[in-house]
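2 protein chains.
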Amino acid sequence: MTTDVKSSSRERLLEAAATLTYREGAGIGVDALCKAAGVSKRSMYELFGNKDELLAASLEYGASAFVARLLPEPDDGRSPRERILHVFERGELQAAKPEFLGCRYLAVQIELKDRNHPGSRVAQRVKNDLTDFFRAEAERGGASDPDLLARQLILVFDGGSARAGIGADTLAGLVVPTLTALLDAAGVR
Amino acid sequence: MTTDVKSSSRERLLEAAATLTYREGAGIGVDALCKAAGVSKRSMYELFGNKDELLAASLEYGASAFVARLLPEPDDGRSPRERILHVFERGELQAAKPEFLGCRYLAVQIELKDRNHPGSRVAQRVKNDLTDFFRAEAERGGASDPDLLARQLILVFDGGSARAGIGADTLAGLVVPTLTALLDAAGVR
Chain A
5 MTTDVKSSSR
15 ERLLEAAATL
25 TYREGAGIGV
35 DALCKAAGVS
45 KRSMYELFGN
55 KDELLAASLE
65 YGASAFVARL
75 LPEPDDGRSP
85 RERILHVFER
95 GELQAAKPEF
105 LGCRYLAVQI
115 ELKDRNHPGS
125 RVAQRVKNDL
135 TDFFRAEAER
145 GGASDPDLLA
155 RQLILVFDGG
165 SARAGIGADT
175 LAGLVVPTLT
185 ALLDAAGVR
Chain B
5 MTTDVKSSSR
15 ERLLEAAATL
25 TYREGAGIGV
35 DALCKAAGVS
45 KRSMYELFGN
55 KDELLAASLE
65 YGASAFVARL
75 LPEPDDGRSP
85 RERILHVFER
95 GELQAAKPEF
105 LGCRYLAVQI
115 ELKDRNHPGS
125 RVAQRVKNDL
135 TDFFRAEAER
145 GGASDPDLLA
155 RQLILVFDGG
165 SARAGIGADT
175 LAGLVVPTLT
185 ALLDAAGVR
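These protein sequence lines are chains A and B, in that order. If you're matching positions, the first sequence starts at 5 in the working numbering and goes up one per residue. If you're matching positions, the second sequence starts at 5 in the working numbering and goes up one per residue.
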């Protein structure tokens with residue numbers, strides 16, 4: 005097997021795991037993943053060791069795109085308040101897509117029900133990074149309690165994406181007034 | 005089979021489905037459910053038709069306990085604001101239990117990824133009833149936009165229970181200031 009074939013098998017497995025886990029859930033079987041990727045089970049085990057590690061690698065694989073879709077550019081000249089709102093505007097755009105099923109990093113943790121699963125650990129890190137972004141902007145914006153505001157913002161992010169993902173809310177007209185109330189209460193203008 | 009045996013098989017299946025689905029996820033197999041209930045697969049199919057209907061019935065079965073655990077007594081003399089806070093205080097108590105894995109009615113919808121599944125339909129109704137409670141209290145409390153406040157409150161409920169369920173937050177010191185900001189912004193004193 006040449007290096008190119010190896011890397012493309014790897015990529016196809018990561019793509020298939022990302023797509024199918026999101027659409028069908030973390031319980032998707034190895035057979036279905038390998039079939040969708042067009043890769044033998046033997047190759048999958050050689051490349052990733054087991055399905056848990058494949059799932060974790062696929063979550064890691066999607067993490068930089070997740071961050072790039074949501075976060076503003078560093079030092080874009082906008083205020084902390086605007087930079088926080090940017091994340092939620094981007095989230096609302098994602099949530100409006102017909103294929104949206106909520107934040108994959110929340111869903112996978114709810115589905116795995118095991119905080120020590122390699123996939124849960126990746127998901128925790130990705131979401132902690134988002135919370136850290138909120139905390140840094142809250143501090144820069146002079147929030148009375150930046151830790152509290154960061155926890156509130158990630159709660160709204162997760163609650164909103166979960167509710168949009170199950171079709172219980174469109175988020176339209178909901179997120180901006182909610183953030184306004186929280187940012188105002190924290191003194192972030 | 006006597007009526008008593010039938011009703012106890014039914015009850016044991018409902019209990020097993022409620023417990024195992026919450027702990028392991030909606031993907032739990034029929035074999036595991038029947039084994040845990042000590043009921044034959046044939047009896048399960050006779051009683052419920054299929055696993056989807058068993059899951060829906062088990063969610064229905066737990067609904068009145070869910071409501072009783074969270075909602076205040078009707079006409080308890082407290083203000084709408086206090087009655088809304090009551091729900092979240094109760095939610096926080098639930099979330100502090102070691103076996104807490106989030107709101108089962110949110111989790112099952114995230115896991116099923118199918119809004120027309122009989123289980124999703126039951127879960128939607130249970131959570132819509134909770135949203136209706138919030139809206140009625142928001143109206144009674146003179147909220148500037150009772151619909152918006154109800155959507156905000158169920159968003160905080162779902163976001164909080166999801167984050168506590170995955171161990172990302174304890175909710176301590178988070179929910180009350182969040183509700184305070186939202187209730188104040190809505191003019192509910």
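The beta carbon of each residue, even a glycine, is placed where N, CA and C say it ideally should be.
So what does DSSP say about residue i, is it helix, strand or coil?
i                            : result
aspartate 162 of chain A     : helix
valine 112 of chain A        : helix
aspartate 201 of chain B     : Since the first residue of chain B shown is 5 and the last is 193, residue 201 of chain B is not available in this structure.
isoleucine 88 of chain B     : helix
phenylalanine 137 of chain B : helix
alanine 60 of chain B        : helix
asparagine 132 of chain B    : helix
glutamate 96 of chain A      : helix
serine 13 of chain A         : helix
valine 71 of chain B         : helix
arginine 176 of chain B      : The question names arginine, but residue 176 of chain B is alanine in the sequence shown. Of the three classes helix, strand and coil, the one that applies to alanine 176 of chain B here is coil, per DSSP.
serine 52 of chain B         : Per the sequence shown, residue 52 of chain B should be read as phenylalanine rather than serine. Looking at phenylalanine 52 of chain B - three-state DSSP - the assignment turns out to be helix.
cysteine 107 of chain A      : coil
glutamate 77 of chain B      : coil
proline 102 of chain A       : coil
aspartate 151 of chain B     : helix
arginine 167 of chain B      : helix
serine 44 of chain A         : coil
arginine 27 of chain B       : helix
glycine 123 of chain A       : helix
arginine 144 of chain B      : helix
glycine 33 of chain A        : coil
glycine 191 of chain B       : coil
How would you call residue i, buried or exposed, if buried means at least 16 neighbouring beta carbons within 10 angstroms?
i                       : result
glutamate 77 of chain A : exposed
leucine 152 of chain A  : buried
glutamate 15 of chain A : exposed
arginine 155 of chain A : buried
lysine 131 of chain A   : buried
serine 62 of chain B    : buried
glutamate 81 of chain B : At residue 81 of chain B the sequence reads glycine, which differs from the glutamate that was named. When all chains shown are included, glycine 81 of chain B counts as exposed.
leucine 97 of chain A   : exposed
alanine 72 of chain A   : exposed
alanine 176 of chain A  : exposed
arginine 87 of chain A  : buried
arginine 129 of chain B : exposed
Return yes when the Cβ of residue j is within less than 9 Å of the Cβ of residue i, no when it is not.
i                            : j                           : result
glycine 164 of chain B       : glycine 169 of chain A      : no
alanine 22 of chain B        : arginine 108 of chain B     : yes
leucine 17 of chain A        : leucine 37 of chain A       : yes
glycine 29 of chain B        : glutamate 115 of chain B    : yes
arginine 125 of chain B      : alanine 69 of chain B       : no
valine 192 of chain A        : alanine 147 of chain A      : yes
leucine 24 of chain B        : leucine 74 of chain B       : no
glutamate 19 of chain B      : alanine 41 of chain B       : yes
proline 150 of chain A       : arginine 139 of chain A     : yes
phenylalanine 161 of chain A : phenylalanine 92 of chain A : yes
Output, in chain order, the set of chain A residues within a Cβ distance shorter than 7 Å of residue i.
i                        : result
aspartate 136 of chain B : What aspartate 136 of chain B touches in chain A: nothing, since even the nearest Cβ is about 13 Å away.
proline 181 of chain B   : Leu152
arginine 139 of chain B  : Going along chain A, no residue has its Cβ under 7 Å from arginine 139 of chain B, so there is no contact; the nearest lies around 13 Å.
alanine 185 of chain B   : Ala185, Leu186, Ala189
Would you mind telling me which residues of chain B sit closer than 7 Å to residue i, beta carbon to beta carbon, in chain order?
i                        : result
valine 160 of chain A    : Leu159, Gly163
histidine 31 of chain A  : Sequence inspection shows glycine at residue 31 of chain A; the histidine mentioned does not correspond to that position. The contacting residues are Gly29, Gly31.
isoleucine 88 of chain A : Within chain B, no residue comes near isoleucine 88 of chain A; the closest Cβ sits about 15 Å away, beyond 7 Å.
arginine 155 of chain A  : Asp173, Leu178
leucine 63 of chain A    : Near leucine 63 of chain A there are no residues of chain B at all, since even the closest Cβ is about 14 Å away, more than 7 Å.
Name the chain B residues whose beta carbon is nearer than 8 Å to that of residue i?
i                      : result
lysine 131 of chain A  : Ala172
glycine 106 of chain A : Ile114
alanine 166 of chain A : Leu110, Ile114, Asp162, Gly163, Ala166
For the putative contact between residue i and residue j, defined by C-beta atoms under 8 Å, what is the C-beta separation to the nearest angstrom?
i                        : j                      : result
threonine 196 of chain B : leucine 159 of chain A : Absent from the structure is residue 196 of chain B, since the part of chain B shown begins at 5 and ends at 193.
valine 43 of chain B     : serine 13 of chain B   : 5 Å
valine 112 of chain A    : glycine 95 of chain A  : At roughly 17 Å, the Cβ-Cβ gap does not stay under 8 Å, so valine 112 of chain A and glycine 95 of chain A are not in contact.
leucine 186 of chain A   : alanine 185 of chain B : 5 Å
arginine 119 of chain A  : glycine 171 of chain B : 5 Å
alanine 142 of chain B   : alanine 190 of chain B : 7 Å
arginine 27 of chain B   : lysine 117 of chain A  : 7 Å
glycine 31 of chain B    : glycine 31 of chain A  : 4 Å
Along chain A, in chain order, which residues have C-beta atoms closer than 8 Å to that of residue i?
i                      : result
arginine 73 of chain B : What arginine 73 of chain B touches in chain A: nothing, since even the nearest Cβ is about 20 Å away.
Can you pull the chain A neighbours of residue i, defined as C-beta to C-beta under 9 Å?
i                        : result
glycine 169 of chain B   : Gln113, Ile114, Lys117
glutamine 128 of chain B : Ile170, Gly171, Ala172
leucine 59 of chain B    : Simply none; closest approach about 14 Å.
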